[in-house]
Every structure is written in C-alpha cells, then in structure tokens.
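In this text, residue positions in the sequence shown follow my numbering: the first is 23, and each later residue adds one.
Cβ atoms here follow ideal geometry from the backbone N, Cα and C, with glycine treated the same way.
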Amino acid sequence: MKIVDIRATTVTVPLEAPLRHASGAHWGRFVRTIVEVEADNGLVGLGELGGGGESAEAAVHGLRDYLVGHDPFALEALRFAIANPTASLYNNRIQMLAAVEFACLDLIGQHLDVPVHDLLGGKVRDEVEFASYLFYRTSNADGTGEVRTPEQLVAHARALKAEHGFTVHKLKGGVFPPGFELEGYRALAAALPGDRFRYDPNGALSVAEARRFGEAIRDLPNDYYEDPTWGLNGVRQLRDLGIPIATNTVVVNFEQLATNVRDPAVDVVLLDTTFWGGIRACVKAAAVCETFQLGVAVHSSGELGIQLATMLHLGAVLPNLTYAADAHYHHLTDDIIAGGKKSYVDGAIAVPTGPGLGVRLDRAKVAEYAELYKELGGYPYDRDPARPGWYPLVPNDRWADPATAT
C-alpha cells in the first residue's frame, strides 16, 4: 500500500457560545483542518488538526511531496520524514505529523479490517470517561449562552451533568481575577457534592498567586491543579500544596518528560494526540509515566469527531488511565462525521469498534462548514473579542471585569 495523494479542507463548526480562556477566546466556532490521505488501493484515511482559529490547509498541502509514494505502515520513517527534530527547528510540523499519523493508522486499520486500538495493543476498556470542561462564555448575538457569574457557572454545570452524566468537572480559568474564579470554583464544589473538580488557569497565575489559590482549595475534592503557573520550575514550587499538579503545556515532548522524571515538577501528564505528534507517541509517553508512577489523562485541544476518535482509541489502550479525559466536544453544535455528534452516556463515550478510526466523513456537513469557513474566515485565538486591544501577560494581571458581560 502506497500513498498517492493528500487533501486538506478547512471547516468552521459553531459552538454553543464563545469560550474564553487565559490567552484569548474561541470566537463562537472552532476552525479545524480535515486531512485525507489516499492510498493506491482506493482507501482514504482521515486526520484532523487545528491552527488556533486559523486554517492549516496550505501547510498540509506542502506535505504532498513528502508523502506520495510512502508506505502508510512505515510510521517511524514517516516521523523522521515529516518532523526530523533538527529540521523542525526551522519548521515545526508536529501537529501535521499527528494528523498524517491519524490518517495512516486509519488506512492500516481499514486495510486490515481492525480498529486502531487493536493496532496499539488492544483495548482495556470499552468506553472513556470525560470531564465536563466548563468555560466562562460571552453571550451570543441573541443574548443567550453567557457564563460569567458563580450562579451561571453552577447552573451550566448542573445542566451538563443532567444531560451528559458528568461526575468530574474542569473549570478553565485565567479569565477573571483569581479571587472571583475561586468563588466560582468553590460554588461548583458546594453545588455538586460527591463529584470531583479541576481548575486550569493555563499558567496565567504568578507562583505566589497560584499558591494562594491552591491553599484556598485544598479542602475540596480536587482531581488535580492544572498548569497553575508557567514553567517546570514554577509548578515545582507548588508541589507541597498536597494537590496533584497536572500539565499539558510544559511536558509535551519526551525531553521535557525526562526532565520531569529526573526532577519532578508535575504529577499528571495530560497527553494530547496532536501536541505529542500522534497517538503512538502518547502511548509511548504513557508507558514512561507508568514506569515512574506519574498519572496520565487525555487532553483536548478543540476537537471535531476525527480527533475525538483518536482520543478514544488512546484512552482505550492505556491501562494507567485513572483520570477522566478532557473534551471540548459537548460545546459543539454539530460535527462533520457520518451519523452526527457522538453521544455521552453516564459521562462516557463508547470507543469506536469499526475498522480504522471508526469514523467517516459526512460529505454534506464538510461542504456546509467549509463554506461557513470561507464566509467567516479565521480569528486570532490569542485575542478576546470582548476586550478590543487586550493581550495577556505571563503571569497575567490584565483580567476581564467580572461585573460586566464584556
């Protein structure tokens, strides 16, 4: 089997409402680039990647000369062909490598008529549990969707729990002053007894502010405290809080993982199938974490159904997955996969059992949302439309005003 073509299509899929984060916002939609890798036997493998709020289409097209004629089974050769670590100092292609790896695994699975999790050693669970992933949200044009106050945050969490069955709740913070977000986080814990919680300010807090926040939540049922401040040395200073420290920002490759093993800073590594360069890299990293008794979870970087499938196959094969996965998925209003959005049952999503990734494209939906992207274009992910001219510092002190809707 040889690759004969690669195609890329950028789509934008609406969200229920704009999502705010420490570095900016998702402006009411996700922009994702769908990758199709065609083989000489007529099979097509699927991949997906983001680009903040921008298209990665041109970059994917630039890989064609690297891929035509390549054997999809030769995944290690693919890694060096696309993302040689020294060449990547000049053009980092890790997320493009991931999207192509997804597609190649999809091709291999279809060719052998087995699901991707069988190619990764076989599943140890049939479903993957997810956390609710709560965001502060600005309102839609019709005035709906806002999540700003503690009361709105609690109401939103309760609605998601009722609809999807979540028992783990993650608050994406770093938007409002830490004291205001602390009030919201504690309100969640009080309103949902028996559930577990996570707080993630995306590294926006100073070490001192992160310590104050951590000391104020030590009595709560915390899963972990995610990226409370920036950098390995920063989070290392918080290890005495007694709350597990997690990251998806400062341990995102094997060199950083080795550093964390030699001089521990974080307790839980959040494995992202795009940030790490593919599902296989995450499986390798999880094995290292298992050896050194580090926790692992599955991270979300704003997925549609194709990347969600990669997260499900990854979660299915990790024996040391003891935390619920993240997913932005429930914020989407639609998807581009056949059959529509996947469903949560009791806070979990079933692992696909079909060949390859187990998902196929709904061509009409792809066409619809490709046209929507052409109409709306991209957006600067690291800016907040509710605060014109604003940009964040690290550590940040330029918080949004919790008294106003903007």
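Across which residues does DSSP place residue i in a beta bridge pair?
{"i": "Y246", "result": "R220"}
{"i": "A331", "result": "According to DSSP, A331 bridges with nothing at all."}
{"i": "I267", "result": "Y247"}
{"i": "V169", "result": "R159"}
{"i": "V190", "result": "R218"}
{"i": "D27", "result": "E60"}
{"i": "L343", "result": "V318"}
{"i": "G378", "result": "P137"}
{"i": "R420", "result": "Answer by DSSP bridge pairing: none, since R420 is not bridged."}
{"i": "L493", "result": "Any question about residue 493 goes unanswered here, given that the chain covers just 23 to 428."}
{"i": "V150", "result": "I371"}
{"i": "H43", "result": "G46"}
{"i": "I359", "result": "L383"}
{"i": "T32", "result": "T55"}
{"i": "L227", "result": "T251"}
By alpha-carbon positions, which one of the options ends up nearest to residue i?
{"i": "A44", "options": "G399, A349, H350 and G225", "result": "G225"}
{"i": "A425", "options": "V272, R170 and E123", "result": "R170"}
{"i": "G201", "options": "H139, L214, G187 and L227", "result": "L227"}
{"i": "D356", "options": "E205, I28, A39 and R29", "result": "A39"}
{"i": "G399", "options": "K387, N342, W49 and I25", "result": "W49"}
{"i": "D294", "options": "E325, T281, D135 and W412", "result": "E325"}
{"i": "P95", "options": "A121, A392 and M23", "result": "Per the sequence shown, the amino acid found at residue 95 is Phe instead of Pro. Of the candidates A121, A392 and M23, the one whose C-alpha sits nearest the C-alpha of F95 is M23."}
{"i": "S365", "options": "A103, A422 and H186", "result": "H186"}
{"i": "F188", "options": "D406, W421 and A349", "result": "A349"}
{"i": "L343", "options": "D148, G264, D164 and Q329", "result": "D148"}
{"i": "G380", "options": "S77, G131, G74 and A103", "result": "G131"}
{"i": "I359", "options": "L182, R385, T166 and G46", "result": "R385"}
{"i": "E123", "options": "L292, I28, Y207 and P374", "result": "I28"}
{"i": "G206", "options": "H353, P172 and P286", "result": "P172"}
{"i": "Y413", "options": "P36, I328 and G46", "result": "G46"}
{"i": "A179", "options": "R101, P107, V388 and L214", "result": "L214"}
{"i": "D419", "options": "K363, G196 and K183", "result": "G196"}
{"i": "T332", "options": "T296, A238 and E312", "result": "T296"}
Quick test of your reading: residue i and residue j, contact by CB under 8 Å. State the CB separation rounded to the nearest angstrom.
{"i": "R42", "j": "T160", "result": "7 Å"}
{"i": "F152", "j": "K194", "result": "14 Å between Cβ atoms; not a contact."}
{"i": "T34", "j": "E79", "result": "Not a contact, Cβ separation roughly 12 Å."}
{"i": "Y3", "j": "L334", "result": "A question about residue 3 goes unanswered here, because the residues of the chain that appear run from 23 up to 428."}
{"i": "L65", "j": "L142", "result": "The pair is not a contact, with the Cβ atoms about 19 Å apart (cut-off 8 Å)."}
{"i": "P402", "j": "G75", "result": "6 Å"}
{"i": "P286", "j": "D249", "result": "Actually they are not in contact, since the Cβ atoms of P286 and D249 sit about 16 Å apart, beyond 8 Å."}
{"i": "L119", "j": "R101", "result": "6 Å"}
{"i": "V53", "j": "S77", "result": "7 Å"}
Can you check whether the CB of residue j is closer than 8 Å to the CB of residue i?
{"i": "N244", "j": "F219", "result": "yes"}
{"i": "A125", "j": "V57", "result": "yes"}
{"i": "V310", "j": "V288", "result": "no"}
{"i": "Y247", "j": "K192", "result": "no"}
{"i": "S372", "j": "A319", "result": "Here residue 372 turns out to be Ala, not Ser, going by the sequence shown. Not in contact: A372 and A319 (Cβ atoms no closer than 8 Å)."}
{"i": "L260", "j": "L210", "result": "no"}
{"i": "G67", "j": "G369", "result": "no"}
{"i": "R302", "j": "L111", "result": "no"}
{"i": "T251", "j": "V229", "result": "yes"}
{"i": "A61", "j": "V26", "result": "yes"}
{"i": "I116", "j": "G299", "result": "yes"}
{"i": "V339", "j": "H133", "result": "no"}
{"i": "N347", "j": "V146", "result": "Note on residue identity: the sequence assigns Ala, not Asn, to residue 347. Cβ distance not < 8 Å, so A347 and V146 don't count as in contact."}
{"i": "A307", "j": "V291", "result": "yes"}
{"i": "N270", "j": "H321", "result": "yes"}
{"i": "E70", "j": "A121", "result": "yes"}
{"i": "F198", "j": "A422", "result": "yes"}
{"i": "G264", "j": "R240", "result": "yes"}
{"i": "L394", "j": "L37", "result": "no"}
{"i": "P374", "j": "G317", "result": "no"}
{"i": "H92", "j": "A30", "result": "no"}
{"i": "L336", "j": "C304", "result": "yes"}
{"i": "Y88", "j": "A103", "result": "yes"}
{"i": "E203", "j": "P417", "result": "no"}
{"i": "P137", "j": "G361", "result": "no"}
{"i": "V501", "j": "D164", "result": "Because the chain here runs from 23 to 428, residue 501 falls outside it and cannot be looked at."}
Item to check | Residue ranges of each beta strand (DSSP E) within the segment 289-332, 3 or longer | outcome: 290-293 and 317-320
Next on the checklist: List, from N- to C-terminal side, the alpha helix (DSSP H) runs of 4 residues or more that fit wholly inside the segment 46-122.
Outcome noted: 79-83, 86-89 and 97-105
Next on the checklist: Please give me, in chain order, every unbroken run of the beta strand (DSSP E) with length at least 3 that falls completely inside the segment 382-406.
Outcome noted: none
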